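First up is the structure itself, then whatever we jot down about it.
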Amino acid sequence: MKKIVIQEMADLIKNYWSPLDLFQIDNIKVRLVKLKGKYHWHKHTEEDEIFYVISGTMKIHFRDKIVSLNPNETILVPKNMEHLTESKEGAIVMLIEPAEIKTSGD
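Shown next as structure tokens:
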């Protein structure tokens, strides 16, 4: 067992939108990612994913609404839900998702 300091792990991430794997629990991965700017519209046809904001702010655009997330806020994006993620100033986000998920979406 090893304790992880989130900020230390975030400092290791050099590129935005490139998740760093922290843990694997059975077939679920806990990842850390730095977001800045906009990511393209996409969906995951077989997998749900959870976004948990550590620092900064982000928005998740859905076709019918936009959800803003601040630190210590989280959201579940169900499979097949088209979405676009955005962070104007930048954010550090924890992702909880199946290990086999394509981080680029479909």
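With this note's numbering, the residue at position 45 of the sequence shown is 1499, and numbering never jumps.
Built from N, CA and C at the ideal position, the CB exists for glycine as well.
Since the structure is predicted, the reported quantities are computational estimates derived from the model, not experimental observations.
*asked:* So, with DSSP's three-state summary, where would you put Ile1460?
replied: helix
_So for Asp1465, helix, strand or coil by DSSP?_
helix
*Taking the CB atoms as reference points, tell me whether Asn1481 and Ala1553 lie closer together than 8 Å.*
With a cutoff of 8 Å on beta-carbon distance, Asn1481 and Ala1553 are scored as near each other.
*Which same chain residues, not among the five before or five after Phe1505, have their C-beta less than 6 Å away from its C-beta?*
Ile1529 and Val1547
*asked:* Within 10 Å of its beta-carbon, does Leu1549 have 16 or more other beta-carbons around it, so buried, or fewer, so exposed?
replied: buried
*asked:* I'd like to know whether the C-beta atoms of Val1507 and Leu1523 end up nearer to each other than 8 Å.
replied: Against a cut-off of 8 Å, the Cβ pair of Leu1523 and Val1507 comes out as a contact.
*In terms of residue numbering, what span does the beta strand (DSSP E) encompassing Glu1503 cover?*
That run of the beta strand (DSSP E) goes Glu1503 to Gly1510.
*First and last residue of the uninterrupted beta strand (DSSP E) at Arg1485*: Judged by DSSP secondary structure, Arg1485 falls within the beta strand (DSSP E) whose first and last residues are Ile1482 to Lys1492.
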